[in-house]
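S.K.: Residue numbers (the working numbering): 573 to 643. The beta carbon of each residue, even a glycine, is placed where N, CA and C say it ideally should be. This is the structure I want to talk about, given as structure tokens.
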């Protein structure tokens with residue numbers, strides 16, 4: 573099994589924001605004991621498709637990155 577790189581929530585959020593390739597979305601990453609981490613999108617225009625696309629991006633990123641926990 574390949575080891576995943578631990579990365580900060582802010583960096584994961586930035587990767588997802590870049591993947592959405594449009595302005596107006598606040599992306600946040602939070603720990604989740606089942607999946608490792610979850611993504612939340614707050615869209616200025618209420619675009620539901622941005623949340624769906626962000627989750628699709630997160631699925632790919634979870635294969636390579638674990639959330640770095642900062643205490």
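Under a Cβ-count criterion, where at least 16 other Cβ atoms within 10 Å of its own Cβ denotes burial, should residue 611 be classed as buried or exposed?
M.R.: buried
S.K.: Measure how close the beta-carbons of residue 599 and residue 616 come, nearest whole angstrom, since I'm counting them as under 8 Å.
M.R.: Between residue 616 and residue 599 the Cβ distance is about 12 Å, and since that is not below 8 Å, they are no contact.
S.K.: On the CB-based measure, 16 or more other CB atoms within 10 Å of its CB, does residue 589 come out buried or exposed?
M.R.: buried
S.K.: Using the three-state DSSP reduction, which class does residue 591 fall into: helix, strand or coil?
M.R.: helix
S.K.: At what residues does the beta strand (DSSP E) containing residue 608 begin and finish?
M.R.: 608–615
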